[in-house]
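Position one of the sequence shown corresponds to residue 6 (my numbering), numbered consecutively onward.
By construction, the Cβ of each residue, glycine as well, lies at the ideal position given by its N, Cα and C atoms.
Predicted, not measured: the structure shown is a model, and the values here were computed from it.
What follows is one structure encoded as C-alpha cells, with my remarks underneath.
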Amino acid sequence: RDDGLGAFPQSSCAAPSHAADKAGGSAIAAGTKMVKTKWVVLAVSLVSSPLLGSSSALAQTADWSGFYLGAQAGSGWGNNNNTLSQPLPALEISADLEGFVGGVHAGWNMQMESMVFGLEADVEASFMDADSSFSGSTFQLDVDMLGSLRARAGFAVDKFLVFGTAGLAVASSTYVDSNGGLSGKYKNTPFGFTIGGGLEVGLSDSLSARLEYRYTDLGTENIDSVVFDPSVILKANHDFHTVRAGVSWHF
C-alpha cells in the first residue's frame, strides 16, 4: 500500500517536466520563426524602397515656373507678294521668301499643377530674302531683323512641356525696286502677328531644349516708290513659316 502511494507522486511529477520541455521547445521555435520573419520584412523593405522612390520621382512633373533666357536658330520660308495698282486690273508679282533666322529669347512662366502660363520675347537676325521681276521691273525684299512678344500656355507631363504661343510680331526689312534704270531703296518696320506651338523637354533642373513652329504674317505695306509713276501704288505683303530649335537656362 505504501509502495502504491509512493508510485503515484513519482508519475505525477514526471508529467509536468515533460510538458515544460515541450513548451520550451515550442517557444524557441516560435522565437526563431519571428526573427526570420523580421529579417525577411527588413530585406523586402530595403529592396522595395528605392524602387518605389524612383517610380514616384518619374511620375513627378517638372517645375517650369520662373525666369529663363535662351538662344534659338532655324529656317523660314514663305511668300513675298508685290501688287501694282496699275495697269488695271491690279498686277500681283509673287516670289518665294526663305532663309536662316537665329537669335535670343527671354521669358517668365507660372505653373498651376500641370498647366503652365507665361510671356516670352525674342529678337533675331534674319537672312530671309525674296527676288521677283516683271516686264523690266525687279523687286527685292530682305528681312533683316525679327522680333516678337507672345503669350504662352502649355501642359506639363513629367519632364515634357507641350505649348502653344501667339502674339505681336515686328520686323526690320529692306525693300528695293527698279524700273527702267531707276532704283529705290526703302527701310520699313512692318507689324503683324505670329502664332504656333512646340515641345520643350527638361534636360536638367536648369536646362531645357525646345522645338517650335510658328506662322507669321507681317501685313501689307504701301511702298512710296520713286521708280514708278506717282499714280501707281505699290504694295508689299509678306508672310512666312519658321521652325526653330533652341535651348533655355532657367533661374
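Less than 8 Å between the beta carbons of residue i and residue j, yes or no?
i    : j    : result
V121 : A171 : no
E133 : G81  : The amino acid at residue 133 is misidentified as Glu; the sequence shows Met. Yes, they are a contact pair.
F233 : L239 : yes
G169 : A158 : yes
V252 : A76  : yes
S140 : A174 : no
D101 : N84  : yes
L146 : H243 : yes
G197 : S230 : no
S131 : V148 : yes
T247 : V106 : yes
N87  : F165 : no
T225 : R155 : no
Quick one: grab the DSSP three-state call for residue i.
i    : result
F256 : coil
E118 : coil
H243 : strand
W82  : strand
S59  : Its pLDDT being 38, under 50, S59 is placed unreliably by the model, and nothing is read from it.
A67  : coil
S131 : strand
S142 : strand
S153 : strand
D163 : coil
S178 : strand
G186 : coil
S99  : strand
S90  : coil
K41  : Its pLDDT being 48, under 50, K41 is placed unreliably by the model, and the measurement read from it follows with that caveat. K41 falls in the helix class under three-state DSSP.
Whose CA, out of the options, lies closest to the CA of residue i?
i    : options                   : result
Y191 : N227, G251 and H246       : N227
M117 : V248, T88, L166 and S70   : S70
G108 : N114, D136, D147 and L151 : L151
A111 : S90, Y73 and K164         : Y73
T179 : S142, R215 and A241       : A241
S99  : A135, L212 and R249       : A135
A250 : K164, G201, T199 and A214 : A214
G202 : S119, W113 and V167       : V167
S119 : L223, V181 and T66        : T66
L212 : H255, L223 and P235       : H255
L89  : S142, L223 and G104       : S142
Do we get a CB-CB distance below 8 Å when we pair residue i with the residues of chain B?
i    : result
H243 : This model lacks chain B altogether, as it is built from one protein chain only.
Below 8 Å, can you find three or more Cβ-Cβ pairs linking the segment 177-195 to the segment 207-219?
no
Examine the Cβ distances between the segment 122-132 and the segment 213-228 and report whether three or more of them are shorter than 8 Å.
no
For a minimum of 3 consecutive residues, which ranges assigned as the beta strand (DSSP E) are wholly contained in the segment 192-249?
196-207 and 212-228
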